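In the numbering used here, the protein residues as written are 428 to 721.
What follows is a set of notes on a single structure, which appears directly below.
What follows is the structure, encoded as C-alpha coordinates:
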(Lines of atoms letter the chains of each structure in order from A and count residues from 1; the text may use other names and numbers.)
(Lines give C-alpha, C1' and ligand atoms only; values in the text may rest on other atoms or scores of the structure.)
Protein backbone atom coordinates (compact mmCIF):
# COMPACT_ATOMS: atom_id res chain seq x y z
CA UNK A 1 0.00 0.00 0.00
CA UNK A 2 1.46 3.34 -1.06
CA UNK A 3 0.87 6.62 0.76
CA UNK A 4 1.98 10.19 0.65
CA UNK A 5 2.55 11.04 4.29
CA UNK A 6 2.95 14.45 5.86
CA UNK A 7 4.82 14.40 9.14
CA UNK A 8 6.74 16.35 11.74
CA UNK A 9 9.94 15.29 13.45
CA UNK A 10 10.11 15.64 17.24
CA UNK A 11 13.16 16.47 19.31
CA UNK A 12 13.78 12.79 20.00
CA UNK A 13 13.82 12.20 16.22
CA UNK A 14 10.60 10.20 16.22
CA UNK A 15 7.75 11.26 13.94
CA UNK A 16 4.21 12.60 14.22
CA UNK A 17 1.84 11.73 11.38
CA UNK A 18 0.02 14.90 10.30
CA UNK A 19 -1.88 13.80 7.19
CA UNK A 20 -2.04 10.83 4.83
CA UNK A 21 -2.99 10.54 1.17
CA UNK A 22 -3.78 7.12 -0.21
CA UNK A 23 -5.96 4.99 -2.47
CA UNK A 24 -8.06 2.92 -0.07
CA UNK A 25 -10.44 3.55 2.87
CA UNK A 26 -8.53 0.87 4.79
CA UNK A 27 -5.49 2.69 6.19
CA UNK A 28 -2.21 1.17 7.34
CA UNK A 29 -0.08 3.65 9.27
CA UNK A 30 3.61 2.82 8.80
CA UNK A 31 5.86 2.21 11.78
CA UNK A 32 8.87 3.83 10.07
CA UNK A 33 9.35 6.68 7.60
CA UNK A 34 12.77 7.19 6.07
CA UNK A 35 14.39 5.20 8.87
CA UNK A 36 12.66 7.04 11.72
CA UNK A 37 10.04 5.61 14.05
CA UNK A 38 6.44 6.85 13.86
CA UNK A 39 5.15 7.26 17.45
CA UNK A 40 2.28 9.71 17.28
CA UNK A 41 -0.91 10.55 15.37
CA UNK A 42 -1.23 14.32 15.20
CA UNK A 43 -4.20 16.52 16.08
CA UNK A 44 -6.97 16.41 13.44
CA UNK A 45 -4.80 14.03 11.38
CA UNK A 46 -7.78 12.20 9.86
CA UNK A 47 -10.16 15.13 10.22
CA UNK A 48 -10.53 18.32 8.20
CA UNK A 49 -7.29 20.29 8.24
CA UNK A 50 -5.36 22.12 5.59
CA UNK A 51 -2.03 20.71 4.50
CA UNK A 52 0.70 23.23 5.33
CA UNK A 53 3.46 24.07 2.86
CA UNK A 54 6.18 23.67 5.47
CA UNK A 55 5.19 20.10 6.38
CA UNK A 56 7.70 17.40 5.46
CA UNK A 57 6.29 14.64 3.29
CA UNK A 58 7.09 11.49 1.36
CA UNK A 59 6.71 11.28 -2.41
CA UNK A 60 3.28 11.74 -3.98
CA UNK A 61 1.06 8.82 -5.01
CA UNK A 62 -1.04 8.68 -8.16
CA UNK A 63 -4.81 9.08 -7.87
CA UNK A 64 -4.53 9.60 -4.12
CA UNK A 65 -7.30 10.79 -1.82
CA UNK A 66 -6.86 12.63 1.47
CA UNK A 67 -7.55 10.00 4.10
CA UNK A 68 -10.02 11.80 6.32
CA UNK A 69 -13.63 12.30 7.37
CA UNK A 70 -16.16 10.17 5.48
CA UNK A 71 -13.58 8.34 3.38
CA UNK A 72 -11.76 6.14 5.89
CA UNK A 73 -13.41 2.96 7.20
CA UNK A 74 -10.69 1.05 9.04
CA UNK A 75 -7.30 2.01 10.48
CA UNK A 76 -4.37 -0.22 11.42
CA UNK A 77 -1.90 1.40 13.85
CA UNK A 78 1.55 -0.15 14.34
CA UNK A 79 2.79 -0.96 17.83
CA UNK A 80 5.14 2.03 17.58
CA UNK A 81 2.17 4.41 17.99
CA UNK A 82 1.95 5.36 21.68
CA UNK A 83 0.25 8.77 21.48
CA UNK A 84 -2.83 10.15 19.74
CA UNK A 85 -3.43 13.89 19.79
CA UNK A 86 -6.74 15.74 20.12
CA UNK A 87 -9.53 15.19 17.59
CA UNK A 88 -7.32 12.92 15.48
CA UNK A 89 -10.39 11.11 14.06
CA UNK A 90 -12.95 13.88 14.58
CA UNK A 91 -16.00 13.47 12.31
CA UNK A 92 -14.76 10.24 10.67
CA UNK A 93 -18.36 9.10 10.42
CA UNK A 94 -17.66 5.96 8.35
CA UNK A 95 -14.82 4.69 10.52
CA UNK A 96 -15.93 1.21 11.62
CA UNK A 97 -12.86 -0.35 13.21
CA UNK A 98 -9.44 0.56 14.56
CA UNK A 99 -6.53 -1.78 15.29
CA UNK A 100 -4.34 -0.39 18.03
CA UNK A 101 -1.73 -1.34 20.62
CA UNK A 102 -0.94 0.24 23.98
CA UNK A 103 -1.58 3.98 23.90
CA UNK A 104 0.20 5.89 26.63
CA UNK A 105 -1.15 9.36 25.80
CA UNK A 106 -4.69 9.86 24.51
CA UNK A 107 -5.78 13.48 24.17
CA UNK A 108 -9.36 14.74 24.26
CA UNK A 109 -12.12 14.11 21.70
CA UNK A 110 -10.04 11.68 19.64
CA UNK A 111 -13.12 9.81 18.37
CA UNK A 112 -15.74 12.56 18.55
CA UNK A 113 -18.64 11.87 16.15
CA UNK A 114 -17.15 8.56 14.98
CA UNK A 115 -20.56 6.98 15.53
CA UNK A 116 -19.94 4.04 13.18
CA UNK A 117 -16.91 2.93 15.18
CA UNK A 118 -18.05 -0.28 16.89
CA UNK A 119 -14.91 -2.43 16.97
CA UNK A 120 -11.51 -1.89 18.58
CA UNK A 121 -8.82 -4.53 18.09
CA UNK A 122 -6.04 -4.54 20.68
CA UNK A 123 -3.57 -6.99 22.19
CA UNK A 124 -5.05 -6.36 25.67
CA UNK A 125 -8.21 -5.07 27.33
CA UNK A 126 -6.19 -3.72 30.27
CA UNK A 127 -5.10 -0.54 28.49
CA UNK A 128 -8.51 0.34 27.08
CA UNK A 129 -10.04 2.53 29.80
CA UNK A 130 -8.93 5.93 28.38
CA UNK A 131 -10.22 4.99 24.94
CA UNK A 132 -13.51 3.55 26.22
CA UNK A 133 -14.11 6.71 28.25
CA UNK A 134 -14.29 8.65 24.98
CA UNK A 135 -16.77 6.29 23.30
CA UNK A 136 -20.27 6.36 24.75
CA UNK A 137 -21.97 4.31 22.03
CA UNK A 138 -21.94 0.51 21.58
CA UNK A 139 -18.37 -0.76 21.23
CA UNK A 140 -16.73 -4.19 21.25
CA UNK A 141 -13.10 -4.67 22.22
CA UNK A 142 -11.41 -7.63 20.53
CA UNK A 143 -8.19 -9.17 21.83
CA UNK A 144 -6.33 -12.21 20.51
CA UNK A 145 -8.16 -14.51 22.93
CA UNK A 146 -11.60 -12.96 23.54
CA UNK A 147 -14.01 -10.16 22.74
CA UNK A 148 -16.12 -8.13 25.18
CA UNK A 149 -19.03 -5.76 24.54
CA UNK A 150 -19.69 -2.39 26.18
CA UNK A 151 -23.23 -1.04 25.63
CA UNK A 152 -23.93 2.63 25.09
CA UNK A 153 -24.78 5.16 27.77
CA UNK A 154 -26.13 8.71 27.74
CA UNK A 155 -25.37 11.98 29.46
CA UNK A 156 -28.55 13.90 30.27
CA UNK A 157 -28.41 17.53 31.40
CA UNK A 158 -31.00 18.45 34.05
CA UNK A 159 -31.63 21.98 35.32
CA UNK A 160 -30.99 21.89 39.08
CA UNK A 161 -31.08 25.55 40.02
CA UNK A 162 -31.75 29.11 38.92
CA UNK A 163 -29.60 30.91 36.38
CA UNK A 164 -29.62 27.82 34.17
CA UNK A 165 -27.43 25.67 36.39
CA UNK A 166 -27.38 22.14 35.05
CA UNK A 167 -26.32 18.81 36.46
CA UNK A 168 -25.28 15.81 34.44
CA UNK A 169 -27.15 12.54 34.90
CA UNK A 170 -25.57 9.47 33.34
CA UNK A 171 -28.05 6.88 32.11
CA UNK A 172 -27.09 3.37 31.07
CA UNK A 173 -25.11 0.61 32.73
CA UNK A 174 -22.58 0.86 29.93
CA UNK A 175 -20.93 3.72 31.82
CA UNK A 176 -20.32 1.61 34.94
CA UNK A 177 -19.00 -1.24 32.79
CA UNK A 178 -16.39 1.13 31.40
CA UNK A 179 -15.15 1.88 34.94
CA UNK A 180 -14.16 -1.74 35.69
CA UNK A 181 -10.43 -1.05 35.72
CA UNK A 182 -7.92 -0.82 38.54
CA UNK A 183 -4.15 -0.38 38.34
CA UNK A 184 -4.28 -0.89 34.56
CA UNK A 185 -6.12 -4.18 34.89
CA UNK A 186 -9.63 -4.97 33.68
CA UNK A 187 -11.84 -6.36 36.46
CA UNK A 188 -14.02 -9.06 34.90
CA UNK A 189 -15.85 -9.73 38.17
CA UNK A 190 -16.97 -6.10 38.44
CA UNK A 191 -18.05 -6.11 34.79
CA UNK A 192 -20.15 -9.25 35.34
CA UNK A 193 -21.67 -7.74 38.50
CA UNK A 194 -23.19 -5.00 36.32
CA UNK A 195 -25.39 -7.52 34.51
CA UNK A 196 -28.05 -7.81 37.22
CA UNK A 197 -28.91 -4.12 36.96
CA UNK A 198 -28.40 -3.98 33.22
CA UNK A 199 -30.94 -6.72 32.47
CA UNK A 200 -33.56 -4.87 34.54
CA UNK A 201 -33.01 -1.40 33.07
CA UNK A 202 -31.76 -1.84 29.50
CA UNK A 203 -33.54 -3.18 26.44
CA UNK A 204 -33.62 -6.96 26.31
CA UNK A 205 -31.67 -6.92 23.03
CA UNK A 206 -28.80 -5.10 24.73
CA UNK A 207 -28.73 -7.36 27.79
CA UNK A 208 -29.02 -10.42 25.58
CA UNK A 209 -26.02 -9.37 23.50
CA UNK A 210 -23.95 -8.81 26.64
CA UNK A 211 -24.88 -12.31 27.82
CA UNK A 212 -24.24 -13.79 24.37
CA UNK A 213 -20.76 -12.27 24.16
CA UNK A 214 -19.78 -13.31 27.70
CA UNK A 215 -20.86 -16.90 27.05
CA UNK A 216 -19.19 -16.97 23.64
CA UNK A 217 -15.95 -15.63 25.14
CA UNK A 218 -16.09 -16.66 28.83
CA UNK A 219 -12.79 -15.07 29.84
CA UNK A 220 -12.65 -15.06 33.68
CA UNK A 221 -16.44 -15.16 33.77
CA UNK A 222 -18.38 -14.78 37.03
CA UNK A 223 -22.07 -15.59 37.51
CA UNK A 224 -22.27 -17.74 34.40
CA UNK A 225 -25.67 -19.17 35.39
CA UNK A 226 -27.23 -15.70 35.35
CA UNK A 227 -26.07 -15.24 31.76
CA UNK A 228 -27.26 -18.74 30.79
CA UNK A 229 -30.70 -18.26 32.34
CA UNK A 230 -31.13 -14.96 30.51
CA UNK A 231 -30.24 -16.53 27.16
CA UNK A 232 -32.69 -19.40 27.80
CA UNK A 233 -35.45 -16.92 28.67
CA UNK A 234 -34.74 -14.78 25.60
CA UNK A 235 -33.41 -17.31 23.13
CA UNK A 236 -35.51 -15.91 20.29
CA UNK A 237 -33.51 -12.66 20.48
CA UNK A 238 -30.06 -14.21 20.16
CA UNK A 239 -30.90 -16.53 17.26
CA UNK A 240 -29.88 -13.86 14.74
CA UNK A 241 -26.28 -13.97 16.08
CA UNK A 242 -25.90 -17.73 15.81
CA UNK A 243 -23.82 -19.20 13.00
CA UNK A 244 -22.04 -22.49 12.44
CA UNK A 245 -19.08 -21.45 14.58
CA UNK A 246 -21.16 -20.43 17.63
CA UNK A 247 -23.93 -23.04 17.42
CA UNK A 248 -22.17 -25.67 19.51
CA UNK A 249 -21.67 -23.17 22.34
CA UNK A 250 -25.37 -22.25 22.54
CA UNK A 251 -27.31 -25.25 21.27
CA UNK A 252 -28.13 -26.62 24.73
CA UNK A 253 -29.89 -23.37 25.63
CA UNK A 254 -32.36 -23.69 22.74
CA UNK A 255 -35.68 -25.50 22.62
CA UNK A 256 -36.89 -27.29 19.51
CA UNK A 257 -38.80 -24.27 18.23
CA UNK A 258 -35.59 -22.24 18.27
CA UNK A 259 -33.67 -24.96 16.42
CA UNK A 260 -36.39 -25.10 13.75
CA UNK A 261 -36.40 -21.31 13.54
CA UNK A 262 -32.66 -21.31 12.88
CA UNK A 263 -33.13 -23.80 10.06
CA UNK A 264 -35.91 -21.68 8.58
CA UNK A 265 -34.16 -18.30 8.75
CA UNK A 266 -30.59 -19.34 7.89
CA UNK A 267 -31.04 -21.75 5.01
CA UNK A 268 -28.01 -20.31 3.22
CA UNK A 269 -25.68 -21.48 5.99
CA UNK A 270 -25.37 -25.14 5.01
CA UNK A 271 -22.91 -25.97 7.80
CA UNK A 272 -25.27 -24.53 10.40
CA UNK A 273 -28.28 -26.32 8.91
CA UNK A 274 -26.39 -29.62 9.00
CA UNK A 275 -25.56 -29.10 12.67
CA UNK A 276 -29.17 -28.15 13.46
CA UNK A 277 -30.55 -31.26 11.77
CA UNK A 278 -28.14 -33.56 13.60
CA UNK A 279 -28.77 -31.90 16.96
CA UNK A 280 -32.53 -31.83 16.46
CA UNK A 281 -32.52 -35.54 15.69
CA UNK A 282 -30.29 -36.38 18.65
CA UNK A 283 -31.87 -34.21 21.33
CA UNK A 284 -35.52 -34.23 20.37
CA UNK A 285 -35.63 -37.86 19.19
CA UNK A 286 -36.93 -37.11 15.74
CA UNK A 287 -36.45 -40.31 13.80
CA UNK A 288 -36.32 -38.82 10.36
CA UNK A 289 -35.45 -35.37 9.03
CA UNK A 290 -34.12 -34.24 5.70
CA UNK A 291 -33.78 -31.11 3.60
CA UNK A 292 -37.23 -31.61 2.08
CA UNK A 293 -38.67 -30.61 5.47
CA UNK A 294 -37.22 -27.06 5.17
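Cβ atoms here follow ideal geometry from the backbone N, Cα and C, with glycine treated the same way.
All values reported here derive from a predicted model rather than from experimental measurement.
| Asked | Found |
| --- | --- |
| My output table needs one value for residue 714: the three-state DSSP class, helix, strand or coil. | Low local confidence applies: a pLDDT of 49 at residue 714 is under 50, so the model's placement there is unreliable, and no value is given. |
| Per DSSP, what kind of secondary structure is residue 510 in: helix, strand or coil? | strand |
| Under 8 angstroms: do the segment 476-487 and the segment 504-511 share three or more Cβ pairs, one atom per stretch? | no |
| Is it the case that the Cβ atoms of residue 605 and residue 577 are separated by a distance below 7 angstroms? | yes |
| Does DSSP put residue 546 in a helix, a strand or coil? | strand |
| Alpha carbon to alpha carbon, how far is residue 522 from residue 499? Give it in angstroms, no decimals. | 6 angstroms |
| Alpha helix (DSSP H) containing residue 411: first to last residue? | Examination of residue 411 is not possible in this model, given that the chain is present from 428 through 721 alone. |
| If you follow the beta strand (DSSP E) that residue 447 is part of, which residue opens it and which one closes it? | 442-449 |
| Where DSSP assigns a beta bridge to residue 465, which residues make up the other side? | 442 |
| With 16 as the cutoff for other CB atoms within 10 Å, does residue 459 come out buried or exposed? | exposed |
| Compute the minimum distance between the beta carbon of residue 542 and the heavy atoms of the ligand HEM, and state whether it is under 6 angstroms. | The ligand HEM is not part of the structure shown, which contains no ligands of any sort. |
| What would DSSP say about residue 524, mapped onto helix, strand or coil? | strand |
| Using three-state DSSP, classify residue 539 as helix, strand or coil. | coil |
| My assumption, with CB atoms under 8 angstroms, is that residue 596 sits in contact with residue 583. Please give the rounded CB distance. | 5 angstroms |
| Expressed to the nearest angstrom, what Euclidean distance is found between the alpha-carbon atoms of residue 622 and residue 542? | 24 angstroms |
| Should residue 381 go down as buried or exposed, given a rule of 16 or more other Cβ atoms within 10 Å for buried? | Within the shown structure, residues of the chain are numbered from 428 to 721, placing residue 381 beyond reach of any answer. |
| Here's the rule: buried if 16 or more other CB atoms are within 10 angstroms of the residue's CB, otherwise exposed. What is residue 641? | buried |
| Who are the near neighbours of residue 464 in its chain, counting only those whose CB is closer than 6 angstroms to its CB and skipping five residues on each side? | 441, 507 |
| Between which residues of its own chain and residue 461 is the CB-CB distance below 8 angstroms, once the five residues before and five after are set aside? | 485 |
| Could you give the C-beta distance for residue 552 and residue 568, rounded to a whole number, given that I count them as a contact under 8 angstroms? | 6 angstroms |
| By alpha-carbon positions, which one of 450, 493, 487, 678 ends up nearest to residue 707? | 678 |
| Leaving out five residues on either side along the sequence, give the residues of the same chain with a beta carbon under 7 angstroms from the beta carbon of residue 639. | 658, 665, 668 |
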